[in-house]
Amino acid sequence: MSSSQLKVTFLGLGSMGSAMARNILKKGFQLTIWSRTISKAEEFVNAGARVEKSAREAVADADIIVSCLFDDKSCLDTAQGENGYLKGIKKGAVHVNTTTIGPNVASQLEKLHEEHGAYYVTGTVLGRPDVANAGQLRSFLGGKHEAIERARPVVETYSGGSIIVVGENPAHANVIKLSANMVLAANISLFGQVYAFNERWGIDNDVTHELLKIFYSHPGLLKYEEAVRTRNYEKEEGQGFTVEGGLKDVNTMLNTGDQVENERLNDELRMIHYEYENIKTKVIDYEEQVEVESKFSVLYRTQMNELKDEINELTDKLRQTTNEQKNVEDERDNLSKQLEITNVKLKTESLNLNLLQEQCAELDKEKNIMIIEVEALHTDFNGRLALLDSEINTFRDRYEKCQYDLEQAIKDRDAMSNKFKPVLDQLHDLERQVPDLRKKADDERAKKEAAVKKLQEIVTNPIQNNPFLSRPTGSSRRHDRDRNERNVARRLEQALEVERMKYKKLQNEKDEELSTLSEDINKLKRELETRRDEIDKYKRILDTRGSIDNISLTSDELDDDRDRLESWVQIPTRNIRRGGWKRQFAVIAKNKLLLYNSEKDQLAAISIDVEKLYHVRAVTQGDVLRVDPNMIPKIFQVLYDSEGQTLLNNSTTTMSNSMIQSQDQDRHTGEVIEYKGHSFVVVAYRMPTQCETCNRPCYNVFSPPPCLECTRCHVRCHKQHYDDKEEFMLPCRVNDKLSVKELLVMCVSENEQKQWIAKLSKKIPKRGIISQHDQTSSSRFRLHNRLYVSWVNPQGMDCILIGPQHKCLCRHKFSEHKTDFPEIPTERPILISCKQPGCRCVSFEYVANASGTSDPNCRCKHSLDNHNTRPPYKCQKSCNCTGFSAPFTCTCGESANKHITLVESKEEREQRGHPTGYATPYKAMGGLTGFSSLAEGYLRLDPSGRGRPDDEFLNQPITAMDHPILRSHASHDPNSAEAKSQMRRPGESELDFYERRYQERNKLSRSIRAPPNPYDADAHLTTGTRTDKPPPRRITGGKK
0 MSSSQLKVTF
10 LGLGSMGSAM
20 ARNILKKGFQ
30 LTIWSRTISK
40 AEEFVNAGAR
50 VEKSAREAVA
60 DADIIVSCLF
70 DDKSCLDTAQ
80 GENGYLKGIK
90 KGAVHVNTTT
100 IGPNVASQLE
110 KLHEEHGAYY
120 VTGTVLGRPD
130 VANAGQLRSF
140 LGGKHEAIER
150 ARPVVETYSG
160 GSIIVVGENP
170 AHANVIKLSA
180 NMVLAANISL
190 FGQVYAFNER
200 WGIDNDVTHE
210 LLKIFYSHPG
220 LLKYEEAVRT
230 RNYEKEEGQG
240 FTVEGGLKDV
250 NTMLNTGDQV
260 ENERLNDELR
270 MIHYEYENIK
280 TKVIDYEEQV
290 EVESKFSVLY
300 RTQMNELKDE
310 INELTDKLRQ
320 TTNEQKNVED
330 ERDNLSKQLE
340 ITNVKLKTES
350 LNLNLLQEQC
360 AELDKEKNIM
370 IIEVEALHTD
380 FNGRLALLDS
390 EINTFRDRYE
400 KCQYDLEQAI
410 KDRDAMSNKF
420 KPVLDQLHDL
430 ERQVPDLRKK
440 ADDERAKKEA
450 AVKKLQEIVT
460 NPIQNNPFLS
470 RPTGSSRRHD
480 RDRNERNVAR
490 RLEQALEVER
500 MKYKKLQNEK
510 DEELSTLSED
520 INKLKRELET
530 RRDEIDKYKR
540 ILDTRGSIDN
550 ISLTSDELDD
560 DRDRLESWVQ
570 IPTRNIRRGG
580 WKRQFAVIAK
590 NKLLLYNSEK
600 DQLAAISIDV
610 EKLYHVRAVT
620 QGDVLRVDPN
630 MIPKIFQVLY
640 DSEGQTLLNN
650 STTTMSNSMI
660 QSQDQDRHTG
670 EVIEYKGHSF
680 VVVAYRMPTQ
690 CETCNRPCYN
700 VFSPPPCLEC
710 TRCHVRCHKQ
720 HYDDKEEFML
730 PCRVNDKLSV
740 KELLVMCVSE
750 NEQKQWIAKL
760 SKKIPKRGII
770 SQHDQTSSSR
780 FRLHNRLYVS
790 WVNPQGMDCI
800 LIGPQHKCLC
810 RHKFSEHKTD
820 FPEIPTERPI
830 LISCKQPGCR
840 CVSFEYVANA
850 SGTSDPNCRC
860 KHSLDNHNTR
870 PPYKCQKSCN
880 CTGFSAPFTC
890 TCGESANKHI
900 TLVESKEERE
910 QRGHPTGYAT
920 PYKAMGGLTG
930 FSSLAEGYLR
940 LDPSGRGRPD
950 DEFLNQPITA
960 MDHPILRSHA
970 SHDPNSAEAK
980 SQMRRPGESE
990 LDFYERRYQE
1000 RNKLSRSIRA
1010 PPNPYDADAH
1020 LTTGTRTDKP
1030 PPRRITGGKK
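Counting from 1, position 794 in the sequence shown corresponds to residue 793 in numbering that gives the first Met the number 0; the numbering is continuous, with no gaps.
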């Protein structure tokens, strides 16, 4: 059949397929085209080819079908389906598939073609698209011999290089093509490695190219070598294969290798099955042997039963002998018990005698102690009386001096006012002279401008304006003319310069006079305001001179008034969303908080007396819901009495009051609880808020716990503290709710906010109930020098308040460390070393322990006992642990190893914005300088365990019964005659009373030596649970 009569269909117009289809069309064959992309078939339509919409229609009358697709999937999808070419192929047609596919897919396609009566031939090609355009591809044919011969004329159109017949199995041609691609991929990888190796050593790529040309002369390989050498991995039109095609061929090779491996594994599985059958037969043989052995065991069992009967007979005889021996031992025990009862009675009588002697000794000691206490109180009273006399004399002198200063201030004020009047008159005169001076300056300026214009005319046209130079004759006249012109110009310039200097000097003098007058006026105004403040201060001193305590407080305030603080702050406007914040210049001076609109203003927009302040605190998200959370650390709240406020415009405080009060009304439920002057309402916080009693979070987004908030001073705490009847809050500072106002102030930074809170807190006057003990100078000194120890996270929040029972990394408790300092150390950080002998602990470091056990584990899985007792607390188990680190996460969200143990003074803690004092639980933090106010410290004073301190300690002059627990002994002595008569039970003898008191003291000492944890601190380290149980009550006065 000639080429013009043979009908050929080509499926797939990729880069290779288009080139092959062109060569077939050039040889004159009737060509039918099908492609998924219709636009690629336009050039073939113009050349005379026919295009069909589906593969089924394209192969309907074709004798030879040639396909060049992408991969296995595309070949199977094109063959099968509703529009697949197998649905329309005619019987006897030959299909030549040039796609590089796997051998299994080729075998599957061969079976599908045989089912439809057609021939399938694998015709893989070797070459690039430019070789295909030239018709010089190499073809590998595999299939039936007659089918290959029928398709040879079509294959020869694009296989000018050569045609290699692999055999009658089509899959073998695909394997050959994959082997060729394997060689090509290996060489391309080798080219890249050679160039990378030579470039590493600085060898030029041209030299490497010449080396590879020696070994590879094939032009196709050299083109890929050139692409590797020039780093050109972009495929050009008609050059090389695509990366996707190469990856597809590599994956096909890998899948083919996996099939061979699967066959090998199947062979191994068969061998294993054969071995299993052999083992099964052996097991049957072993079972038969076991059956024989079981028969022997039955025989042995019967013999053993006979031996047991003999043993039972011997056991009965032994039991009879044992019963006889037991009767003898019972008689012996009865005699020994009677002897012990007699000994106990003797010991009881001797114990009662010892108790009586001990009680007598105790009464003698207590008598001596009371004598010493009376003498100490008498000495202390005389010292205080002398001190009060000296203070009265001092304040009398100061009063006379203040009265003299007041008279002088009044005289200075009158003189200043007299001096101020002529200055104002002079200022008005100068203001009247300013228009005249300006008018004179304008006239002089006009005259000078006219003179300058005249001078310019003379200089520009001297001949026309000078009659002596209008008609020059000769060279001498010309020379005289030039000289005259220069002289005139120089004189005019000198005159102009003199006038300018005069004008500048006059203007400078006037400016200096005006500036001097303005400075004098401002200075006089400031001095006048200062004098007025001093007069007001002296008047207040005179009003409070009747009370010695008030005079002492006033003297402290006079010393504190020397401190001055000023900075730029912001206060809210009426609408905080629209108007935002208003910038003010804040100043603390002369017992007043002043807010100015600018630094130059003389009158304050808001003036608040420091004496009228009630409370200063930092706000939380729950206080200001409409404020950006990033600004909250910079804002603090001031509560003050409206009587001590002076306003130019009261819009600001109205805004802050209404904003906070509206939020409070929306939050509480209406229930009011009165406690120590507080008006608590039950609220629920869903924004970040902390309890001001236990310093723990009191908010939750979904199920917030019930909390209390005072509607006056706005302190907040858990309601659990009130339900448990704790002493959890000091008396309210705000006495009159109707006259209280609030002011929100936002500082520039968080540090500045803490500085303002610390400064204003010191100036707040003392209010509420103050005990007589707190009024003494010694108690104030100890409270001032108190140290606070806490376990804080990186944000500075107190996660755990350290108490006496908390343990250090050195395995000792906090109470076993040095906490008694005569004065607060100046070095930072403050080191609290261990007092136990042989311990090398430098400073107390809290052990984070979530499980509550005494032996926590480190991240290295070893316990605390396996670590050193000295920093950095390395592990001794030969692991890579660099130091003990607890593997827990605190409820604050930070890991335990990011927390630190912080030791700070009262001032440092207040600067951080944290509460201080004796309220629970802060009374359990650290200790007082020179003493320990905790139960553990009381045990240190009572080594005997009898419930009272040693005589050595009580005889010290510094004690003076001023310790809190010692005060409890002084106020209620259980051994006094009156207390004994009240505590004795009806019909109880004196000997029984002392015996019962002795047992109670021993029980009390054991309970104190192992007290429960003051607060469940380790609950912070649990993963989701928390206990808000109240701390146990302190043990004082011998009662629990």
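Cβ coordinates follow ideal geometry from the N, Cα and C atoms, glycine included.
In this text, all values refer to a predicted model and were calculated from it rather than measured experimentally.
key: Same chain, Cβ closer than 8 Å to L5, neighbours up to 5 away in sequence not counted   = F28, Q29, D62, I63, P152, V153
ask   = Per DSSP, what kind of secondary structure is A585 in: helix, strand or coil?
value = strand
Cα-Cα separation between C401 and F419, rounded to whole angstroms = 26 Å
message = Check whether the segment 600-615 and the segment 578-592 are in contact - that is, three or more C-beta pairs closer than 8 Å.
response = yes
ask   = Should the segment 895-911 be called in touch with the segment 869-877, which here means at least 3 C-beta pairs below 8 Å?
value = no
request  = Measuring alpha carbon to alpha carbon, tell me which of C697, P628, L729, N342 ends up nearest H614.
outcome  = L729
inquiry  = Does the segment 741-752 come into contact with the segment 718-727, if we say contact requires no fewer than three beta-carbon pairs (one atom in each stretch) closer than 8 Å?
reply    = no
key: Per DSSP, cross-strand counterpart(s) of L612   = Y639
query = Taking the DSSP output, what are the residues bridged to G166?
reply = G141
request  = Measuring alpha carbon to alpha carbon, tell me which of K522, C693, G579 ends up nearest D600.
outcome  = K522
ask   = DSSP state of V680, grouped into three classes?
value = strand
key: Backbone CA spacing between V626 and I634 [nearest angstrom]   = 10 Å
query = Under the rule that 16 or more other beta-carbon atoms within 10 Å means buried, what is A150, buried or exposed?
reply = buried
inquiry  = Distance check for A131 and A18, CA to CA, integer angstroms please.
reply    = 6 Å
query = Looking at the structure shown, is E741 part of a helix, part of a strand, or coil, going by DSSP?
reply = strand
key: Opening and closing residue of the beta strand (DSSP E) in which D797 lies   = 797-800
task = Determine the burial state of W790: buried for a count of at least 16 other Cβ atoms within 10 Å of its Cβ, exposed for fewer.
result = buried
inquiry  = Just to confirm, is the Cβ distance from H866 to C838 under 8 Å?
reply    = no
query = Between which two residues does the alpha helix (DSSP H) carrying Y721 extend?
reply = 718-722
inquiry  = Taking the alpha carbon of L210 as the reference point, which residue from F190, V623, D441, Q356 has its own alpha carbon closest?
reply    = F190
query = According to the Cβ coordinates, are L10 and Y84 closer than 8 Å?
reply = yes
ask   = What does H866 pair with, by DSSP beta-bridge criteria?
value = C874
message = Looking at the secondary structure, which residues open and close the alpha helix (DSSP H) in which P102 lies?
response = 102-114
request  = Report all residues from its chain with a CB closer than 8 Å to the CB of R531; omit the five preceding and five following residues, and keep chain order.
outcome  = R412
inquiry  = Just verifying my parser: in three-state terms, what is the DSSP assignment at G1037?
reply    = Its pLDDT being 36, under 50, G1037 is placed unreliably by the model, and nothing is read from it.
message = Going by C-alpha to C-alpha distance, which of V120, Q569, I163, S161 sits closest to Q142?
response = Reading off the sequence shown, one finds Gly at residue 142, where the question assumed Gln. Answer by Cα proximity: V120.
query = If you check the beta carbons only, do T77 and A54 fall under 8 Å apart?
reply = yes
ask   = S842 to I801, Cα distance in whole Å?
value = 14 Å
Cα-Cα separation between R1025 and P696, rounded to whole angstroms = For R1025, the predicted structure reports a pLDDT of 38, less than 50, and the residue's modelled location is therefore unreliable. A value from the coordinates is still provided. For R1025 and P696, the distance between alpha carbons rounds to 11 Å.
task = Hey, could you find the ends of the beta strand (DSSP E) G1066 is sitting in?
result = Given that the chain is displayed from residue 0 to residue 1039, the structure contains no residue 1066 and the question cannot be resolved.
request  = Pick helix, strand or coil for T888, following the three-state DSSP scheme.
outcome  = strand
ask   = Rounded to the nearest angstrom, how far is the Cβ of I147 from that of V164, given a contact under 8 Å?
value = 6 Å
message = With three or more beta-carbon pairs closer than 8 Å as the criterion, would you say the segment 488-506 touches the segment 431-444?
response = yes
task = Measuring alpha carbon to alpha carbon, tell me which of S38, E56, I32, T36 ends up nearest G47.
result = I32
key: Y403 (DSSP reduced to helix, strand or coil)   = helix
Best match in L352, G91, D129 for proximity to D991 [C-alpha to C-alpha] = L352
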